[in-house]
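Asker: Could you have a look at this structure, given as structure tokens, before my questions?
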Amino acid sequence: MADVENIARFLAPKYLGAYLSVLRQFYHERGLSEEFPEELTYDLFLEFGVSTRTLISLIGLGLSRTSSIELSNFLGRTRLSEAEVLQSLESREWEALDLPALVKREINRVIEQKRLEASGAAGIQET
9 MADVENIARF LAPKYLGAYL SVLRQFYHER GLSEEFPEEL TYDLFLEFGV STRTLISLIG
69 LGLSRTSSIE LSNFLGRTRL SEAEVLQSLE SREWEALDLP ALVKREINRV IEQKRLEASG
129 AAGIQET
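Residue numbers for the sequence shown, in this note's numbering: 9 to 135.
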């Protein structure tokens with residue numbers, strides 16, 4: 009079983025990611041960059057053990073895989089970017105859901121962290 013996990017979570021994503029990079033470069037060299045399907049992120053799906061762009065975005069924001077899966081049903085869409093996911097979380101509609109307290113704390117931590125990052129970036133631009 010350890011071999012299966014090692015292949016599925018580490019080796020397959022590594023080699024699939026390399027293949028997609030070569031394929032992306034091939035499209036670029038032929039002037040077809042716009043035609044390369046950006047949704048080809050199977051390497052990330054395998055590595056993180058998730059199956060949608062929304063789940064990757066939730067994890068990318070800093071949520072655990074478990075919290076991301078809990079929230080994905082609430083979000084209802086499978087192709088949300090990190091910015092779209094953050095906007096949904098900031099609406100605070102998730103607070104009415106029957107989510108474990110640990111998940112709610114994690115969401116609040118991520119929202120606060122992103123707010124601080126945004127205010128820090130704004131402070132840097134003002135100087």
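Think of the CB as a built atom: it goes at the ideal place given N, C-alpha and C, for glycine as much as any other residue.
DSSP three-state call for L63: helix, strand or coil?
Answerer: Taking the sequence shown and counting its residues from 1, one reaches residue 63 at position 55. Three-state DSSP puts L63 in a helix.
Asker: Just how far apart, CA to CA, sit L88 and A10?
Answerer: What you label residue 88 is simply residue 80 of the sequence shown in a count that begins at 1. What you label residue 10 is simply residue 2 of the sequence shown in a count that begins at 1. Approximately 32 Å between the Cα atoms of the pair.
Asker: At the level of alpha carbons, what is the spacing between A104 and Q95?
Answerer: What you label residue 104 is simply residue 96 of the sequence shown in a count that begins at 1. What you label residue 95 is simply residue 87 of the sequence shown in a count that begins at 1. Distance between the alpha carbons of A104 and Q95 is about 16 Å.
Asker: Looking only at C-alpha atoms, which of R38, L97, G128 and Y27 sits nearest to L79?
Answerer: Taking the sequence shown and counting its residues from 1, one reaches residue 79 at position 71. The shortest Cα separation from L79 among R38, L97, G128 and Y27 belongs to L97.
Asker: Between the Cα of A109 and the Cα atoms of L19, S75, R61 and P21, which residue gives the shortest distance?
Answerer: Walking along the sequence shown from the start, residue 109 turns up at place 101. Looking at the Cα atoms, S75 is the closest of the given residues.
Asker: Just mark E114 as buried or exposed, buried being the case when its beta carbon has 16 or more other beta carbons within 10 Å.
Answerer: To locate residue 114, count along the sequence shown from 1; it is residue 106. So E114 counts as buried.
Asker: How many Å lie between S72 and R117 at the Cα?
Answerer: If you number the sequence shown from 1, residue 72 lands on position 64. If you number the sequence shown from 1, residue 117 lands on position 109. Using only the alpha carbons, I get a separation of about 12 Å.
Asker: Cα-Cα, which of T86, N14, P45 and F82 is closest to I64?
Answerer: Here residue 64 corresponds to residue number 56 of the sequence shown, with the count starting at 1. Among T86, N14, P45 and F82, the Cα nearest to that of I64 is on T86.
Asker: Going by other Cβ atoms of all chains shown within 10 Å of its Cβ, with 16 needed for buried, is V111 buried or exposed?
Answerer: Residue numbering aside, residue 111 sits at position 103 when the sequence shown is read from its first letter. By the neighbour-count rule (16 or more Cβ atoms within 10 Å), V111 is buried.
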